[in-house]
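The structure appears right after this line, and notes come after that.
There are 2 protein chains.
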Amino acid sequence: MNMESFFPKDIKAALQNNPPGEWIPSVPAHAIRLHSGYPAPHLVPSMELKEAVAQLLEEENDLPLHYIGSPRIDKLKEWVRSRQDVRGMPAKDEELLITAGACQAIDLIARIFLDKDAVVVVESPTYMEALEIFQNYTGRILTVPIDKDGLQTEKLAELLEERKQKGLTKPTFLYTIPTFHNPTGTTMTVERRMHVLKLAEEYDFLVLEDDAYGELGFNDNPKTLKSMDSKGRVLYVGSLSKVIAPGMRIGWVHTTETFIQALFWFKKDLEHPFAQATMATLLENTDFTSRLQSLSGAYQQKCQVMLEALEKYLPENASWFVPEGGYFVWVKLPGIDTEKLLSNATEAGVSFLPGKYFFLDQTEGAEYIRLSFSYEGEENIVKGIEKLGNVVHSNLK
Amino acid sequence: MNMESFFPKDIKAALQNNPPGEWIPSVPAHAIRLHSGYPAPHLVPSMELKEAVAQLLEEENDLPLHYIGSPRIDKLKEWVRSRQDVRGMPAKDEELLITAGACQAIDLIARIFLDKDAVVVVESPTYMEALEIFQNYTGRILTVPIDKDGLQTEKLAELLEERKQKGLTKPTFLYTIPTFHNPTGTTMTVERRMHVLKLAEEYDFLVLEDDAYGELGFNDNPKTLKSMDSKGRVLYVGSLSKVIAPGMRIGWVHTTETFIQALFWFKKDLEHPFAQATMATLLENTDFTSRLQSLSGAYQQKCQVMLEALEKYLPENASWFVPEGGYFVWVKLPGIDTEKLLSNATEAGVSFLPGKYFFLDQTEGAEYIRLSFSYEGEENIVKGIEKLGNVVHSNLK
Chain R
1 MNMESFFPKD IKAALQNNPP GEWIPSVPAH AIRLHSGYPA PHLVPSMELK EAVAQLLEEE
61 NDLPLHYIGS PRIDKLKEWV RSRQDVRGMP AKDEELLITA GACQAIDLIA RIFLDKDAVV
121 VVESPTYMEA LEIFQNYTGR ILTVPIDKDG LQTEKLAELL EERKQKGLTK PTFLYTIPTF
181 HNPTGTTMTV ERRMHVLKLA EEYDFLVLED DAYGELGFND NPKTLKSMDS KGRVLYVGSL
241 SKVIAPGMRI GWVHTTETFI QALFWFKKDL EHPFAQATMA TLLENTDFTS RLQSLSGAYQ
301 QKCQVMLEAL EKYLPENASW FVPEGGYFVW VKLPGIDTEK LLSNATEAGV SFLPGKYFFL
361 DQTEGAEYIR LSFSYEGEEN IVKGIEKLGN VVHSNLK
Chain W
398 MNMESFFPKD IKAALQNNPP GEWIPSVPAH AIRLHSGYPA PHLVPSMELK EAVAQLLEEE
458 NDLPLHYIGS PRIDKLKEWV RSRQDVRGMP AKDEELLITA GACQAIDLIA RIFLDKDAVV
518 VVESPTYMEA LEIFQNYTGR ILTVPIDKDG LQTEKLAELL EERKQKGLTK PTFLYTIPTF
578 HNPTGTTMTV ERRMHVLKLA EEYDFLVLED DAYGELGFND NPKTLKSMDS KGRVLYVGSL
638 SKVIAPGMRI GWVHTTETFI QALFWFKKDL EHPFAQATMA TLLENTDFTS RLQSLSGAYQ
698 QKCQVMLEAL EKYLPENASW FVPEGGYFVW VKLPGIDTEK LLSNATEAGV SFLPGKYFFL
758 DQTEGAEYIR LSFSYEGEEN IVKGIEKLGN VVHSNLK
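Chains as they are written, first to last, in the working numbering: chain R, 1 to 397; chain W, 398 to 794.
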């Protein structure tokens, strides 16, 4: 039997890409983990979740364990709706879809909008999982660079106008993480946000706004693109992964009813009643505003510690953006091949993610690394950056 | 903005099908629910799950709440592997993929094998969710009828030979529920199973074996197609929905390493660590064999009660297959339009699923209904069938 012969042409093409999760480094157990985009262990509400499950099952018995039935499924959606409302994005029930995390949301959006002829624009660098997802659908991915103020919308405008002049296919959507960007930690300015929305209207494309980190500002949280969008062009993706726990797999899409209906059409893992009802119970018992405040305080502190250690231990020519929220610091190490650096670093007991995985053209990422200050404690962050500094210095020699 | 203009051609075509879940009837709260393919409430291990979560989070803290990290994720896979082994389907780790229930497994399989030019064969009638899934990918679905011995493989052979003679596209796969079929409750004979595998080899197609009910035999459980397959042509889909709880969304695919790799490539809801680790903990504490025995005893008893009530309350000309396992009785009501019957029935306080949803050509299902004996208690089953008998008799007049 020729197994490959059963795959349609487009699937065969997708299987030629780099394998999913190729970027996950092999890290020894004792190493200091600066690669993971994980919340800090003590900020994950394990015991509260234990209590939520006990309460849920005592009150509802088998209900949340069937396909449908638990009233808390609706309550979770209601919570999301009211959260969107608080943040200036009022939504009707028909404009929301709960998903298994932001990744499923992005995949479903790709599924209804992309085929091999579709064109997508992404930021450069961008979230590697999203890149993997889009590459499963189309080879026609365009990139627009990021600077300290987020996506360079002037360059986006040039690209759009150039394609228009040449009669090339217009992009279906722009994928952006405007706030506390992964991997760069940058935040798009208000002027650029307005520019993005203006361009979307002018060149008739959609905007996929990934807001996974949007409520994790150290001081305040900028207004989302969705909240500034009067035309219905923004597909907003939210997530509880970074503010509650990724292992619960709760995310959502907020967009027009027409688009939500199409997403629902293709969402064939059905609902996740147990996870959704558990999350609803947890949220009932959570003062979310004060939770966000303590997360923000804790992550700001950890970020500060990392930035000071970077100043102290990295060579003069290293540089980084100073984040105002989120989980990450994006560091440029001129003259270093960061992929090679990784094996030295893990041997020395510290991990990071090489920049290459965040670029469509991976060579562009050779001198960059993504560091997460989210997971490790302050002491380990300092130790880890010290170790990193040592291996960088020996690689420079 | 013209929202539809953003959908690619194939997506537009899929959106022309009947909406997903259209078959879910609106049932008043007090009605006796004979439509749901739900396990009986007292057979869902709610309290055991509560304890499993408590144990898991006390032992592992935040581990099962990150993307990866809980050792129990591997243990769940190990449990599935050993279960496949016990049932004569030894699998390597690389030949298994855990999914969010059987539906996601079927959707992923459709995703890697089907495009608009692909041909699929399904049983007639078949599982409505699977039909919905396949219709999202291709309009080229062929049907082969079922009788009391399962899929009529002679008719499958004729169809295959005819297509070959005419030079038509061969099917990519046959979708079958050989054991305790949904909706008919029938089981394919060993001879027909062997015939299916022979045909798959001769006409070079794959077999998607949906075994969601396969361990719910009243007496014994027939050997799976996968266990008889020496050529690697069977993609086996298993599920814990019917034997533990659907709300946990745990299923799996067992097939060749090449196919598993491709499925993994497109599985973009990521893992569900909390649900998977919870299930692993529950299974550690469960004597699964004795659990299956009590399920089998309970469902056999409920089925018997339903069959006796059908004899007593339905008109002479009604007929049904006698199931040897599973959740369903498939009833033919000659001269009745069962879709119209449903509103009378729910008014009278009993629900069922009209046969039409299980057929590609829905008119073929007009005289059939699917009844579930799984969910309601014995007393309600009798009352429900009595009510059903009454509305059938008044519809005959």
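Ideal Cβ placement from N, Cα and C applies to all residues, glycine included.
What residues from chain R crowd round residue i, counting only those whose CB sits closer than 8 Å?
i         : result
Asp666(W) : Thr99, Ala100, Gly101, Cys103, Gln104, Asp107, Arg249 and Asp269
Ile530(W) : Lys268
Pro438(W) : Asn61 and Asp62
Is the distance from the Cβ of residue i to the Cβ of residue j below 8 Å?
i         : j         : result
Ile657(W) : Glu492(W) : yes
Ala449(W) : Thr652(W) : no
Thr186(R) : Asn221(R) : no
Val398(R) : Asn344(R) : For chain R, the structure presents residues 1 to 397; residue 398(R) sits outside this window and is missing.
Asp504(W) : Gly101(R) : no
Leu49(R)  : Pro273(R) : no
Leu240(R) : Val253(R) : no
Phe358(R) : Ser296(R) : no
Pro405(W) : Asp147(R) : no
Cys103(R) : Glu129(R) : yes
Tyr327(R) : Lys397(R) : no
Ala428(W) : Ser769(W) : no
Leu151(R) : Val196(R) : yes
Tyr236(R) : Lys226(R) : yes
Ile73(R)  : Gln362(R) : no
Leu282(R) : Met444(W) : no
Tyr67(R)  : Glu308(R) : no
Gly389(R) : Tyr313(R) : yes
In chain W, what lies closer than 7 Å to residue i by C-beta?
i         : result
Phe328(R) : None at all; the shortest Cβ gap to chain W is about 15 Å.
Phe266(R) : Asn533
What does the Cβ neighbour count give for residue i, buried or exposed, with the cut at 16 atoms within 10 Å?
i         : result
His181(R) : buried
Asp490(W) : exposed
Ser771(W) : buried
Asn533(W) : buried
Thr686(W) : exposed
His439(W) : exposed
Gln301(R) : exposed
Gly88(R)  : exposed
Asp459(W) : buried
Glu59(R)  : exposed
Asp117(R) : exposed
Hey, out of the options, whose CA is closest to residue i's CA?
i         : options                                       : result
Pro25(R)  : Thr363(R), Leu353(R) and Gly384(R)            : Leu353(R)
Thr169(R) : Leu159(R), Tyr175(R) and Asn17(R)             : Leu159(R)
Phe205(R) : His195(R), Arg193(R) and Phe173(R)            : Phe173(R)
Val44(R)  : Lys164(R), Glu162(R), Glu191(R) and Ala245(R) : Ala245(R)
Arg630(W) : Arg590(W), Trp662(W), Met645(W) and Glu744(W) : Arg590(W)
Gly434(W) : Thr743(W), Leu528(W), Glu773(W) and Glu551(W) : Glu773(W)
Trp265(R) : Phe113(R), Met1(R), Glu324(R) and Leu56(R)    : Phe113(R)
Leu730(W) : Thr678(W), Tyr464(W), Glu761(W) and Glu598(W) : Glu761(W)
Gln690(W) : Glu713(W), Leu679(W), Gly722(W) and Glu705(W) : Gly722(W)
Asp211(R) : Gln84(R), His35(R) and Asn380(R)              : Gln84(R)
Ala29(R)  : Arg370(R), Ala348(R), Leu360(R) and Ile369(R) : Ala348(R)
Thr540(W) : Thr523(W), Thr496(W), Lys472(W) and Leu739(W) : Thr523(W)
Ala13(R)  : Trp23(R), Phe134(R) and Trp79(R)              : Phe134(R)
Tyr765(W) : Trp727(W), Asp546(W) and Tyr610(W)            : Trp727(W)
Which chain R residues sit within Cβ distance under 7 Å of residue i?
i         : result
Ser443(W) : Leu57, Asn61, Asp62 and Leu65
Leu603(W) : Phe6
Ala515(W) : Pro8
Anything in chain W within Cβ reach of residue i, meaning under 8 Å, just list it in chain order.
i         : result
Lys50(R)  : Val450, Ala451, Leu454 and Glu455
Thr176(R) : Near Thr176(R) there are no residues of chain W at all, since even the closest Cβ is about 17 Å away, more than 8 Å.
Phe352(R) : What Phe352(R) touches in chain W: nothing, since even the nearest Cβ is about 17 Å away.
What residues of chain R sit near residue i, judged by a beta carbon separation below 9 Å?
i         : result
Ala410(W) : Within chain R, no residue comes near Ala410(W); the closest Cβ sits about 12 Å away, beyond 9 Å.
Lys639(W) : Those within 9 Å of Lys639(W) in chain R number zero; the least Cβ separation is about 11 Å.
Arg630(W) : Met1
List the residues of chain W that residue i touches, going by C-beta distances under 9 Å, in chain order.
i         : result
Phe113(R) : Phe403, Phe404, Pro405 and Ile408
Pro20(R)  : Phe661, Trp662, Phe663, Lys664 and Lys665
May I ask you to check if the CB of residue i is nearer than 7 Å to at least one heavy atom of the ligand FAD?
i         : result
Ser343(R) : This structure does not include the ligand FAD; it has no bound ligands of any sort.
request  = Write down every uninterrupted run of the beta strand (DSSP E) in the segment 403 to 474 of chain W whose length is 3 residues or greater and which is fully enclosed by it, in chain order.
outcome  = none
ask   = Curious, which full-length alpha helix (DSSP H) runs of at least 4 residues does the segment 726 to 790 of chain W contain?
value = 735 to 745
key: Secondary structure, alpha helix (DSSP H): runs of 4+ residues fully inside the segment 555 to 621 of chain W   = 587 to 600
ask   = Considering only residues of the segment 82 to 130 of chain R, which uninterrupted alpha helix (DSSP H) runs meet the minimum length of 4 residues and lie entirely inside it, listed in chain order?
value = 101 to 113
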